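To keep things clear, I will list the structure first and then write my remarks on it.
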Amino acid sequence: MASIRYELDSIAFPKKPLRILLEFSDETGDDEVIALIPQSGFFATGQTPEQAKGNLLRSMEEDDSRLRNQSGVLGQKLLSKLELLEQLF
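Quick note, the sequence shown lines up with residues 3 to 91 if you use our numbering.
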């Protein structure tokens with residue numbers, strides 16, 4: 003049975019840094035790292051912690067742009083995501 007371990011890290015977003023979790027699997031052959039922000043729905047993967055963090059940053063930048071352009075028609079869950087993004091970008 004594979005075990006999963008987590009490490010705290012952070013990303014320096016333009017407006018402020020934010021704590022994130024990095025998830026690692028100890029399963030043989032699973033070299034994927036997941037960078038995530040708990041309870042937000044934001045996550046990205048990479049082969050290294052730095053790659054996962056970079057992918058998370060880029061993904062969130064894209065979501066910020068897309069959600070800002072659609073802010074008038076968003077439901078509450080997506081508005082909450084947009085609110086977090088506006089605090090970071």
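Built from N, CA and C at the ideal position, the CB exists for glycine as well. Keep in mind the model is a prediction, meaning the values are calculated, not measured.
Exercise for the section: Spatial neighbours of L38 within its chain, please: CB distance less than 6 angstroms, with the 5 preceding and 5 following residues excluded, ordered by chain position. Expected result: L23 and F45
Handout entry: Counted within 10 angstroms of its Cβ, other Cβ atoms place I36 as buried (16 or more) or exposed
Key = buried
Practice task
Grab me the residues of S73's own chain with a C-beta within less than 8 angstroms of its C-beta, minus the 5 sequence neighbours each way, in chain order.
Solution key: L81 and L84
Handout entry: Contacting residues, own chain, Cβ-Cβ under 8 angstroms from D33 (five flanking each side not counted)
Key = Q49
Problem - Status (buried if at least 16 other CB within 10 Å, exposed otherwise) for A14 - result: exposed
Handout entry: K55, buried or exposed, once every other Cβ within 10 Å from all chains shown has been counted against 16
Key = buried
Exercise for the section: Quickly, what does DSSP pair V75 with across the bridge? List them, please. Expected result: DSSP lists no partner for V75.
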